[in-house]
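Presented below is the structure to which this report refers.
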Amino acid sequence: MDIYEVIVRPLVTEKGTFQSRLSHSASRSREARGGSYAFEVHPKASKTQVREAVEKIYNVKVRSVRTSNRHGKPRRVRFKTGQTRHWKKAVVVLHPDYHIDLF
9 MDIYEVIVRP LVTEKGTFQS RLSHSASRSR EARGGSYAFE VHPKASKTQV
59 REAVEKIYNV KVRSVRTSNR HGKPRRVRFK TGQTRHWKKA VVVLHPDYHI
109 DLF
């Protein structure tokens, strides 16, 4: 899979923006940690593929990757019921010396 197919889009939310600005966290550990950034990724992408794609596209060093599969929500339009598509979310934590200017 091509690195540009792995990352679908960055997720810019209020919670994600707050977490990307964190550089120190007393509740998790005493050492400095980089900010975390959320991305929507290809559903079949592995953590290794996400790590390589983020490092090459944004020219940063990734410390860890956490992924979760998000199920589509049920939706209804008049008499027809359906569902939004399933998608995969990846939260990428960078080394303290790096940050992404997009967020």
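For the sequence shown, my numbering begins at 9 and goes up steadily by one.
Glycine included, every Cβ here is placed at the ideal spot set by N, Cα and C.
### Task
Return helix, strand or coil for residue 21, following the three-state DSSP convention.
coil
### First through last residue of the beta strand (DSSP E) which encompasses residue 99
Counting along the chain, the beta strand (DSSP E) containing residue 99 begins and ends at 95-102.
#### Entry: For residue 86, the first and last residue of its enclosing alpha helix (DSSP H)
Per DSSP, residue 86 belongs to no alpha helix (DSSP H) and is neither H nor E.
### Task
Verify whether the separation of the beta carbon atoms of residue 47 and residue 98 is less than 8 Å.
yes
### Query
Got a sec, what are the start and stop residues for the alpha helix (DSSP H) residue 61 sits in?
55-66
#### Entry: Beta-bridge partners of residue 45, as assigned by DSSP
100
### Message
Helix, strand or coil, according to DSSP, for residue 15 in the structure here?
### Response
strand
### Message
Classify residue 76: buried if its beta carbon has 16 or more other beta carbons within 10 angstroms, exposed otherwise.
### Response
Residue 76 comes out exposed.
### Task
Return the CA-CA distance between residue 86 and residue 92, expressed in angstroms with no decimal places.
Computed Cα separation, rounded: 16 Å.
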